[in-house]
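The block underneath contains the structure these notes are about, expressed in C-alpha cells.
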Amino acid sequence: MEQFFAGLGLVLQGTTFLYLMGGVLLGLWFGAIPGLGGVTAMILVLPFTFGMEPAAAFALLLGALAVSTTSDTISSVMLGIPGTIASQATVIDGHQMAKQGRVLTAFGAAFTVSAIGGVIGGLALALSLPIMTWLVLTFGAPEFFVLSLIGLVMVGGVSGNAIGKGICAGALGLLISQIGYPVASSEPRYWFNSMFLIDGLPLVPVVIGLFGIPEMMQLATSGKSLATRNYAQSEGDSLMAGVRAAFAHRWLALRCSVMGTYIGMLPGLGASVVDWLAYGHAVQSAKDDRSQFGKGDVRGVIAPEAANNATLGGSLIPTLSFGIPGSGAMAIMMGAMTIHGLVPGPAMLNENLSLTFSMVWSVILANIVGAVALMLWSKQVSRAAFINGNLVVPAVFVFLVMGSFIGQPDIRTLIALLCIGFAGFALRAAGWPRPPLILGFVLGPVMENSLAITAQAYTWGEVLARPTIIILGLLLVGVFFAASRTIAKRRNDFQIELSERSKGSLTLSLGLALGSVALFVWAYLQATEWSFLSRVFPMAIASVGALTALCIVVADVRALNRYVPVDGGDTLRGFWHRHARELAVFAMFALAVAMAPVVGLAAAMVGFTALYLLAWGRFTLLTALIYAAAVGTFLYVVYHRMLHVPFLPPFFLS
Amino acid sequence: MLLKTTQAALFGAAAALALSAANPALAQVIDLEGRTVTIVHNASPGGSTGLTAQLVADAWTHTMAGEPTIIVQSVEGGALSRGILQVMNARPDGRTLGWLAWQGSTRILDPEDRQIAFQDFGLIGGAGGATFVLHASVNPEIGLSTGDDLPSVEHFTFGGFSARSAASIRTAGVMDMLGVDYTFVSGFAGDTPLEAARQRGEIDGFPVTGVYYNRTLVPGPIADGTDVPIFYFTGPNEDGTGLAVDPLIDGVEPFDVWYTRVRGEAPSGPIWDMIQYHGRVTDPINWLVVAPPGTPEEHLQMLRESFAAATQDPTFLAEAERVLGQVPQISYYEDVQAIVDEIAATPEDMRQLMRDYIAAMEH
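Same order as they appear, the protein sequences are chains X and H. Under our numbering, the first residue of the first sequence is numbered 27, with each subsequent residue one higher. Under our numbering, the first residue of the second sequence is numbered 214, with each subsequent residue one higher.
Right under this line is the structure:
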C-alpha cells in the first residue's frame with residue numbers, strides 16, 4: 027500500500043504531472059481525428075522521452091494513449107467514423123443519436139463510462155500485479171483460439187435481424203484477413219503479385235473506409251446538417267441526461283469495463299475487438315426492448331465506451347509482467363521501458379514497484395481528467411452536428427485520406443480506402459450489416475495464428491485436457507446457445523443498417539450474394555494447392571461463406587418473387603435515382619485520389635476542398651478559398667511538420 | 214571574338230549544369246544545411262530497430278556535412294519490403310536514407326519477381342550484428358537436464374517467427390546433425406512471446422538473441438534453474454574458420470566448440486557449411502544503412518565517413534550503452550559491400566539446402 031501511494035506521489039510531483047497533462051491534451055486531440063489516435067501521439071513524443079525521468083516519460087506516453095479512446099467518441103458519434111480502432115461499435119448507436127440531435131446525451135454517457143472504464147482498468151492492473159505472470163502463462167494458443175471463436179459468435183449480436191447476411195459479411199471479413207503471408211508458410215496468399223498486398227490489407231483504411239466513405243457520401247447528398255432536427259428541437263438533450271443514463275446502466279458499464287480489462291490482457295485482441303464484444307453483450311443481455319439497438323440506444327454507446335477505456339490497464343499487464351506487447355501502443359511502451367533501462371518481469375514488482383504504480387495512477391488520472399475536459403468542451407463540439415453538412419464533408423474526407431495514408435504512404439492505400447468505401451456503400455444500400463465484416467477482419471489473423479501454433483505444438487488430447495480450455499469451451503457453448511435461442515425466437519428485431527427494404531435493395535443484395543458465392547468458390551479453389559496450415563483456415567472460411575451466401579441467394583430470390591412494391595417509385599430505376607447522387611460524390615472522391623499522383627497529394631486535397639465547396643456545396647469563392655487555405659495549413663503543420671508524412675509529389679517532381 | 218568566347222563559355226556552363234541536373238551522380242556533395250534528412254526504417258515504431266536508428270541519427274546530425282536535422286520514420290509492413298522499396302524509389306537527393314532490416318541471406322530464396330537488388334543501393338554501413346543462443350527448458354520428461362543432453366533427446370520442439378529465419382534454419386540443421394527428431398513451431402512475433410511459449414510448455418526451446426539472453430534469461434529462468442543454455446551461433450573467427458567466441462555470452466560455447474566436445478568430432482558437411490555461411494553473412498549485420506540508388510558518389514563518401522565518425526563518437530557509445538544495454542556492432546562500407554556481394558553470389562546448392570529446410574519446417 028505504501029508503494030501504491032508512492033506511485034501517486036511520483037505522478038503528482040511537479041513536472042511529471044505537467045507532462046501527464048500535456049500527454050492528455052495531445053491524446054484528446056489525436057484521438058478526435060480519424061486515423062490518428064493515441065499510437066501516433068506516442069510515436070510523436072517518444073523521442074522526447076529519452077532524456078526524461080522514467081515516471082515523467084511514462085506519464086507523458088500513457089496520458090496520450092489513455093484518453094485517445096475517450097476523445098475518439100467525438101468522431102464516432104458526430105461523423106459515424108470510428109475515431110480509433112477502439113470505437114468502431116460506438117458508431118452504430120452513437121451516430122444515430124447524433125442524427126436525432128442527442129449528441130450531448132451520447133457524449134455524457136460515453137465520457138462518464140470512459141472514465142469509469144479507465145479507472146477500473148487501472149485498478150484491475152494494480153490488483154493483478156501479484157498474479158500477472160500466472161495470468162499470462164495460463165492463456166496459451168488454444169485458449170486464444172477459443173476466445174476468438176467466442177468473439178466470432180458475437181457476429182449474431184452485431185448483425186441485428188439480418189443474421190445470414192451478418193455471417194456472410196463476417197466470412198468476407200475473415201477471407202480479406204487472409205491476404206498476404208500466412209503464419210506457417212513463406213508463400214503469400216491472394217496477393218495478386220502485388221507487394222502492397224503481400225502483408226495483407228492495412229487495418230485503418232478498412233475500418234474508416236467501410237464506415238467513413240459511405241457516411242460522407244450520404245451527408246453530401248442530404249444537403250442538410252448531420253442532425254436531422256434543428257438545435258432548438260433538441261433541447262432535451264444534455265450532458266446530465268447522458269450521465270444519468272450511464273448510472274442507470276451502471277451494471278452494464280461495470281461488466282463491460284471488466285470485460286475490457288481482461289480482453290485487453292490478451293495480446294492481439296485488445297482494443298480492436300473488445301468494443302464489438304461489449305456491444306454484442308449489451309444486445310444479448312438486454313432483457314427489455316431491443317428494437318432500439320441500431321437506432322440510437324444509449325446502451326449501444328455505454329457498452330463499447332466502458333470496455334475500450336479499460337483495455338489499456340489490461341494490456342499493460344502482459345507488457346509489464348512479461349514484455350509481451352500485445353499492440354502497437356504497447357510495443358512503443360516496451361521501447362520506452364528499454365530506453366529507461368527497465369526489464370519487464372519480477373523487477374517491475376520489486377525494485378521498480380513504485381514506478382509501476384505510477385503508471386497505474388497515470389492511467390487513472392488521465393482518464394478522469396480527459397473525461398472532465400471533454401465534458402467541458404462537448405457543448406461546443408456538439409454544435410457541429412447542426413452546421414451545414416457540406417462544410418463537414420471536405421475536411422472529413424481529407425482526414426480519412428491522410429489517416430489511411432500516414433500508416434502506409436502509398437497511392438494504393440488510397441485506392442484500397444476507396445474500394446473498401448465503395449463496398450461499405452454497397453453493403454449498406456443492400457441492407458447487409460457492416461460490423462461483422464470488421465469483426466471477421468480483426469479476428470482472422472488472431473484465430474489463424476493461434477490455430478497454427480496449436481496445431482504445431484499440441485495434440486488433441488493435450489488441448490482437451492487443459493482446464494482453461496474446458497472452462498472456455500463451456501463458455502463458448504453457453505454464448506452460442508444464447509445467441510441461437512435469441513435468433514430462433516426472432517428476438518433480434520433490431521436493425522444494424524437502417525436501409526429501407528426495396529426492390530432495388532433486394533436486387534443489390536442478391537447481386538452481392540451471387541458475387542460472394544463466386545468469390546468464396548474461387549478462394550476455396552485457390553487454396554487447394556497450398557500447404558496444410560496455409561489452406562485449412564481459408565478453406566473453412568470459404569466453405570461456410572459459400573454456403574451462407576447460397577442461402578442468401580435463395581432467400582433473396584424468394585423475397586423478390588413475393589415482393590410487393592411500396593409505391594410507384596419502388597423500382598430499380600427509382601433505387602438508382604435515390605443513390606445516383608451518392609455515386610456522383612464517390613466519383614469526386616475518386617477523382618481527388620486520382621489527381622494525387624498528378625498534382626501531388628497535398629495539392630489534390632486542397633484542390634478537392636475548394637472545388638467541392640464551389641461546385642457541390644455552392645458556397646462563395648471567399649468561403650472556399652478560406653476553407654481550402656485552412657486545410658492546406660493544417661496539412662502542412664500537422665501532417666508535414668509534426669508527423670513527417672511523405673506526401674506524394676506531383677508527377678513533374680517524381 | 215570575345216562575344217563568341219563568352220557565348221561558348223555560357224553555353225558550356227549551361228550544358229554542364231543541365232548535365233549535372235540530369236545525372237546527379239556527377240554532382241558534388243549535396244548541400245543539406247537547413248534541410249531535414251529522413252531515415253526510413255522498416256520495423257514497427259518503438260522497437261530496437263527504431264531505437265538504434267534514433268540513437269545513430271542523434272549522433273549523425275553532428276557529423277553529416279551541413280548538419281541537417283535528422284528524423285527517423287517507421288515504414289513497416291510488406292514483410293519488411295515496404296520500407297526497403299520506399300528508400301529504393303526515393304529521389305537520390307540526400308534527404309532520404311534507409312535503416313533497413315534486410316534478411317538478405319534468405320531473401321535470395323524468393324522467386325525472381327520478389328527479389329530486391331540490395332547491391333543497387335548506395336551502401337553506407339551496417340549495424341546490429343547478433344549472436345543467437347539456443348536454450349531449452351530443463352525437462353527430465355524428455356531427458357534434458359543440461360545443455361549437453363540435447364543429442365540424446367528423442368524429440369525437440371523449438372519455436373521462431375518463421376521458417377525463413379536464419380537462426381531457425383540453423384537450429385533445424387543442428388538437429389539433423391545430431392540425429393534429433395524435431396518440430397518447428399512458427400508464428401511467434403519475437404523473443405518475449407517465444408519465452409512465454411517456452412514457459413507454457415508449448416515449445417522446448419528456441420534460439421534467442423544475445424541481448425535478450427543476457428538481460429532476461431540469465432537473471433531469470435537460467436538463474437533459477439528452469440532453463441539451460443546449450444550453445445550459440447555467431448560470426449566466424451578472424452581467420453575465417455569456425456565460429457568466434459562472444460565475450461558477452463558468459464559460460465556458453467560457440468556451436469562448433471560445443472559439438473566437438475559432446476560428439477568427439479568436429480562438425481563437417483553441407484549443414485556445417487550453411488551454419489558458417491550464415492555466420493559470415495547474416496550475423497554481422499541486422500540493419501543495412503543505405504542511400505537510394507543514384508546518390509552521387511561524393512555524397513556517399515561523405516555519408517560513409519560521417520556515419521563512421523558518428524558511431525565512434527564517445528557520446529553515442531555512452532548513450533547506446535545506457536539505452537540498449539550494449540553498444541550495437543557497427544560495420545563499415547567495405548565489410549558491408551563484401552557481405553552484399555557474397556550473398557548475391559550464393560551458390561545454388563546452398564540456396565537449395567536452405568529451401569529444403571524451409572519446406573521441411575513449414576507444415
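Beta carbons: idealized from backbone N, C-alpha and C, even for Gly. Please read these numbers as outputs of a predicted model, since none were measured by experiment.
Query: Spatial distance of P493 of chain X from T533 of chain X (CA atoms); Result: 49 Å
Query: Minimum Cβ-Cβ distance from G418 of chain H to chain X less than 9 Å; Result: no
Query: Minimum C-alpha distance to G538 of chain H - residue among H:P305, H:G341 and H:A330; Result: H:G341
Query: Test: Q525 of chain H CB closer than 9 Å to a CB of chain X; Result: no
Query: Same chain, Cβ closer than 6 Å to A136 of chain X, neighbours up to 5 away in sequence not counted; Result: T99, V327 and E331
Query: Rounded C-alpha distance that separates E408 of chain H from G166 of chain X; Result: 12 Å
Query: Interfacial residues, the segment 266-277 of chain H to chain X, with Cβ spacing under 7 Å; Result: Q267
Query: CA-to-CA distance, M565 of chain X to Q332 of chain H, given in whole angstroms; Result: 40 Å
Query: Extent of the continuous beta strand (DSSP E) to which A314 of chain H belongs; Result: T309 to A314
Query: Completely contained alpha helix (DSSP H) runs for the segment 264-309 of chain X, where each covers 4 or more residues; Result: 265-274 and 276-290
Query: Opposing strand residues paired with H368 of chain H [DSSP bridges]; Result: H:D394
Query: Contact set for Q565 of chain H: own chain, Cβ-Cβ below 8 Å, skip 5 residues either direction; Result: none
Query: Identity of the residues DSSP links to Y216 of chain X by a beta bridge; Result: According to DSSP, Y216 of chain X bridges with nothing at all.
Query: C-beta contact flag for G235 of chain X and L443 of chain X at 9 Å; Result: yes
Query: Cβ-based contacts, 7 Å cut-off: residues of the segment 329-355 of chain X near chain H; Result: F348, G349, I350 and G354
Query: Reduced DSSP category for T116 of chain X - H, G, I as helix; E, B as strand; rest coil; Result: helix
Query: Stretch pair the segment 462-470 of chain X + the segment 188-206 of chain X: three plus CB contacts closer than 8 Å; Result: yes
Query: E608 of chain X classed as buried or exposed, judged by whether at least 16 other C-beta atoms fall within 10 angstroms; Result: buried
Query: Secondary structure of A238 of chain H, DSSP reduced to three states; Result: Only weak support exists for where A238 of chain H lies, its pLDDT of 45 falling under 50; the value from the coordinates is given anyway. Reduced to three states, the DSSP call for A238 of chain H is helix.
Query: Members of the segment 472-496 of chain X near chain H, C-beta cut-off 8 Å; Result: N475, A478, I479, A481, Q482, A483 and Y484
Query: Nonlocal neighbours in the same chain, by C-beta distance under 8 Å from N236 of chain H, ignoring five residues either side; Result: Per-residue confidence for N236 of chain H stands at a pLDDT of 47, beneath the threshold of 50, marking its modelled position as unreliable; the derived number appears in the next sentence. There are no such residues.
Query: Where the beta strand (DSSP E) containing H491 of chain H begins and where it ends; Result: From DSSP, H491 of chain H is part of no beta strand (DSSP E) but of the alpha helix (DSSP H) over P483 to V494.
Query: Three-way DSSP call (helix, strand, coil) for N414 of chain X in this model; Result: strand
Query: Which of helix, strand or coil DSSP assigns to Q286 of chain H; Result: strand
Query: Within chain H, partners of P623 of chain X - CB distance below 9 Å; Result: Correct list: empty, because the minimum Cβ distance to chain H is about 13 Å.
Query: Distance between beta carbons of R493 of chain H and E555 of chain H, contact taken as under 8 Å; Result: 7 Å
Query: Touching by the beta-carbon criterion (3+ pairs, under 8 Å), the segment 530-549 of chain H and the segment 355-374 of chain H; Result: no
Query: T344 of chain H to A330 of chain H span [Cα, whole Å]; Result: 26 Å
Query: Contact set between the segment 360-386 of chain X and chain H, restricted to residues whose Cβ is under 9 Å from the partner; Result: M360, G361, A362, T364, I365, H366, G367, V369, P370, G371, P372 and A373
Query: Cα-Cα separation between Y662 of chain X and T649 of chain X, rounded to whole angstroms; Result: 20 Å
Query: C-beta neighbour in chain C for L537 of chain H, strict 9 Å; Result: Any reference to chain C falls outside this structure, whose protein chains are X and H.
Query: Close-in-space but distant-in-sequence residues of the same chain around A483 of chain X (CB under 8 Å, 5 per side omitted); Result: A167
Query: Under 8 Å from the C-beta of S174 of chain X: neighbouring residues of chain H; Result: Within chain H, no residue comes near S174 of chain X; the closest Cβ sits about 14 Å away, beyond 8 Å.
Query: Coil, strand or helix - F444 of chain H by DSSP; Result: strand
Query: Separation of F520 of chain H from L239 of chain H, as counted between CA atoms; Result: Bear in mind that the predicted position of L239 of chain H carries a pLDDT of just 46, short of 50, making it unreliable; the figure below should be weighed with that in mind. One C-alpha to the other measures close to 22 Å.
Query: Per DSSP, cross-strand counterpart(s) of V250 of chain H; Result: H:I283
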